[in-house]
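J.: Got a structure for you, written out below as structure tokens; questions coming shortly.
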Amino acid sequence: MNMPTHIVAVGGIVKNEEGQVLLVRTQHGGWVFPGGQVENGENLMVALSREIKEESGIDIEVLSGLFRFLWGYSLYGVSYKA
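Note that the numbering used here has the sequence shown beginning at 1, numbered continuously upward.
What follows is the structure, encoded as structure tokens:
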């Protein structure tokens with residue numbers, strides 16, 4: 001099996017009418033914004049909606065644009081470029 005050369009992932013900030021923000025609990029007991037990996041050939045907006053539904057059971061409507069972050073790993077830690 002070939003390992004992927006890169007992974008595309010999505011994440012979202014979900015707020016309700018009262019301004020409450022949705023966080024999901026990680027397997028290690030932390031809290032994060034919902035999201036996950038984009039499946040091969042999947043649209044980013046569809047992937048975001050699917051991941052949030054899978055993690056929270058909530059159907060969402062994407063209201064605003066996408067932001068792109070490129071994460072790279074090095075011997076010295078994590079770097080990013082926005």
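We treat Cβ as the ideally placed atom computed from N, Cα and C, and that holds for glycine.
1. According to DSSP, is VAL38 helix, strand or coil?
2. Determine the burial state of LEU63: buried for a count of at least 16 other Cβ atoms within 10 Å of its Cβ, exposed for fewer.
3. Given that a residue counts as buried once 16 or more other Cβ atoms are within 10 Å of its Cβ, and exposed if not, what is GLY19?
4. VAL46 lies in the alpha helix (DSSP H); which residues open and close that run?
5. Can you say whether GLY57 is buried or exposed, counting buried as having 16 or more other CB atoms within 10 angstroms of its CB?
T.: The structure says:
1. coil
2. Exposed, by the Cβ-count rule.
3. With fewer than 16 other Cβ atoms within 10 Å, it is exposed.
4. 44 to 56
5. exposed
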